[in-house]
Every structure is written in C-alpha cells, then in structure tokens.
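Visitor:
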Amino acid sequence: MEELVKAKVDEELANISSNIEGRESRSSSNKTAKEVAAVILPSLANIISVAVSTAVTTALKDFTDKMESRANEMQRYCLLNKYENDKLEQYSRRDNLRISGLVEDEDESEEVLEAKIIELADNIGVKLKPDEISVGKA
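According to UniProt numbering, the sequence shown is numbered sequentially starting from 1.
(1) By a C-beta neighbour count over all protein chains shown, 10 Å radius and 16 as the cutoff for buried, is Glu68 buried or exposed?
(2) Once DSSP output is grouped into helix, strand and coil, what is the label at Arg98?
(3) Only counting the same chain, and skipping five residues up and downstream in sequence, which positions put a Cβ closer than 8 Å to that of Glu114?
(4) Cα-Cα, which of Asp10, Leu102 and Glu111 is closest to Ile47?
(5) If Leu120 sits next to Leu97, beta carbons under 8 Å apart, how far is it from one beta carbon to the other, in whole angstroms?
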C-alpha cells in the first residue's frame with residue numbers, strides 16, 4: 001500500500017512539473033499564484049485522496065484481521081468447552097443405572113446389595129465382578 005502511495009505521489013509530481021513547464025513556455029513572466037494553485041491543487045487532491053484511501057484500507061484490513069483472529073479463537077474456545085462439557089457429562093452418567101424391582105432393605109449393607117446385583121446379572125447371563133460396579137442406595 002505504501003508503494004502505491006509513493007508511486008501516485010511521484011506520478012502527480014511529474015504531472016505538476018510537466019504542467020508548470022508547459023505554462024512557463026507560454027508565458028514565463030506572467031505566472032500568478034492563481035495559476036500555480038490551479039496546476040498544483042488537483043494533483044495535491046489526488047495525492048491526498050490516495051493517501052487517505054490507503055490509510056483507511058490498511059486500517060480496515062488490520063481491524064478485520066484482528067476480528068477474524070478473535071472469532072477463530074472464540075470458535076476454538078467454544079469447541080474445547082463443548083468437548084470438556086461432554087466429558088464431564090459422560091463421567092456423571094457412568095454410575096446412573098437403576099434396577100427396578102430389586103428389593104433393598106434399609107439395614108442391608110452395600111456388600112449385600114452388590115451381591116444381589118451380581119446374582120441378578122448372572123441370572124440373565126451377564127458375568128459381573130464386584131470391581132466392575134459401584135453400589136449406592138437411592
């Protein structure tokens with residue numbers, strides 16, 4: 001972008017020089033401030049226009065790059081949180097099997113309840129070991 005501004009400035013300065021030289025050949029002694037301004041001002045306006053346009057374009061590009069980077073960072077953060085949340089939910093669902101119809105006494109120990117569950121599983125053809133289950137009373 002900076003090169004574009006420099007090229008435009010050089011081009012406009014060349015235009016100014018050629019315009020001034022053209023006017024000097026016509027009447028070198030009758031140059032007034034008004035004539036000089038008429039030659040210089042359009043070129044200066046072009047230079048300023050290109051410089052401002054370049055500055056605005058550069059600033060907007062920097063801003064959009066920052067916003068895009070931040071959006072990508074937020075998207076990554078959300079995805080990581082989603083996976084972490086899923087892991088936590090999965091962990092909390094691990095011990096949530098309830099067996100309806102299994103009678104449990106209030107005085108019965110967890111070991112006795114565990115033995116009942118292992119026997120029930122064995123009756124339906126599932127082999128369980130005590131370390132494969134956790135027992136808690138509802």
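Here a beta-carbon is modelled for each residue, glycine too, at the ideal position from N, C-alpha and C.
Guide: Result, derived from the coordinates:
(1) Glu68 comes out exposed.
(2) DSSP places Arg98 in coil when its eight states are reduced to three.
(3) For Glu114, the CB contacts under 8 Å within the same chain, skipping 5 residues up- and downstream, are Pro130, Ile133 and Val135 in chain order.
(4) Looking at the Cα atoms, Asp10 is the closest of the given residues.
(5) Not a contact, Cβ separation roughly 12 Å.
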